[in-house]
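All residue numbers for the sequence shown refer to the numbering used here, where the first residue is 380 and numbers rise by one. The beta-carbon is built from N, C-alpha and C at its ideal position, and this holds for glycine as well. Quick caveat, the model's predicted, so the values are computed rather than measured. Structure record follows, encoded as structure tokens.
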Amino acid sequence: MTKPIFSNNSNKIAMLAIGSLLLVLMLMTRGNHFMSSVNLPSASIAVFFLAGLYLSRISAFWFFYITSIVIDLSVSYSKGDFGSCITNTYPLLAFSYGAVFYAGRLLSVSVATGLSTTLALKTLLVLFIGTSVAFVISNGSYYWFSGNYVEPNWQEYTERFAKYYPSYILRPLYYVVPALLIHWTFSTIRIKQQIDAIKIK
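Right, dumping it as structure tokens:
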């Protein structure tokens with residue numbers, strides 16, 4: 380039977396390290412708020428997906444959600460403009476991020492013991508579905524209910540959907556794909572070590 384990538388003794392340390400890396404990613408890329416010299420795609424969707432995949436606890440979701448709120452409020456306050464970011468639909472971001480967190484959480488048990496090529500592809504498919512749901516919630520609610528559009532209509536929304544959806548789907552891949560490659564490498568090494576140990580016995 381394949382053993383988990385992280386043993387019981389190192390599990391807490393590994394989760395702390397992953398959580399810290401995800402936090403740094405969010406701080407560095409959420410609108411480039413704190414580091415003007417860094418111009419990276421927003422990692423927020425990837426952070427919630429990977430948090431669901433590797434941390435899985437609901438407390439992890441709330442930690443990153445509250446962090447995102449603090450970042451947005453801090454930046455809006457520093458700019459003196461809350462209108463463009465904080466609207467009456469802002470609370471619905473909880474459902475948007477919750478969709479991708481839940482998507483990652485669905486596979487958390489499967490990836491705990493290793494990451495095969497098939498499972499990696501399945502993970503990317505689940506990411507695509509979760510991100511699509513997140514986009515419909517965040518983009519759709521902002522367009523239809525924020526009050527920033529005088530006469531919302533399906534034609535304009537369709538145009539906005541076609542304009543923003545591709546980049547929204549692609550952004551998480553910049554972070555999730557490298558994470559899966561690292562995970563796959565550790566899985567391969569771990570399995571090889573187990574096979575070698577069996578041969579020695």
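Buried/exposed call for G431, threshold 16 Cβ in 10 Å: Classification of G431: buried, given that the 10 Å Cβ count is 16 or more.
Rounded C-alpha distance that separates R539 from E530: Across the structure, R539 and E530 are spaced so that their CA atoms are roughly 14 Å apart.
Range covered by the alpha helix (DSSP H) that runs through A482: Segment L472 to L485, the alpha helix (DSSP H) holding A482.
Whole-angstrom distance between L500 and P470, CA atom to CA atom: One Cα belongs to P470, the other to L500, and the distance between them is close to 32 Å.
Alpha-carbon spacing of V426 relative to N532, whole angstroms: Looking at the two C-alpha atoms, the distance is approximately 32 Å.
Cβ-Cβ distance between S566 and G493 below 8 Å: Their beta carbons are under 8 Å apart, which means S566 touches G493 by this criterion.
Which listed residue (Y528, V479 and L560) has its alpha carbon closest to that of L506: Residue nearest to L506 within the set Y528, V479 and L560 is V479 (criterion: CA-CA distance).
Counted within 10 angstroms of its Cβ, other Cβ atoms place Y331 as buried (16 or more) or exposed: Residue 331 falls outside the range modelled here, since the chain spans only 380 to 580, and no answer is possible.
L452: first and last residue of the uninterrupted alpha helix (DSSP H) it sits in: Secondary structure note for L452: its alpha helix (DSSP H) is the uninterrupted segment I437 to K458.
Range covered by the alpha helix (DSSP H) that runs through R539: Counting along the chain, the alpha helix (DSSP H) containing R539 begins and ends at W533 to L549.
For F524, three-class secondary structure by DSSP: Residue state, collapsed to three classes: helix.
Coil, strand or helix - Y467 by DSSP: According to the sequence displayed, residue 467 carries Asn and not Tyr. Three-state DSSP puts N467 in coil, outside helix and strand.
Cβ pair P545, I424 closer than 8 Å: Contact: no.
Neighbourhood of W441 by C-beta distance below 7 Å, restricted to the same chain and skipping five residues each side: Within the same chain, no Cβ atom closer than 7 Å to the Cβ of W441 is found once the five residues on either side in sequence are excluded.
Coil, strand or helix - T492 by DSSP: In the structure shown, T492 falls within a coil segment according to DSSP collapsed to helix, strand and coil.
C-alpha distance - S455 paired with I448, whole-angstrom precision: Rounded to the nearest whole angstrom, the CA to CA distance from S455 to I448 is 10 Å.
T408, buried or exposed, once every other Cβ within 10 Å from all chains shown has been counted against 16: A buried status is given to T408, since no fewer than 16 other beta-carbon atoms sit within 10 Å of its beta-carbon.
Assigned secondary structure, R409 (DSSP; H/G/I helix, E/B strand, else coil): Of the three classes helix, strand and coil, the one that applies to R409 here is coil, per DSSP.
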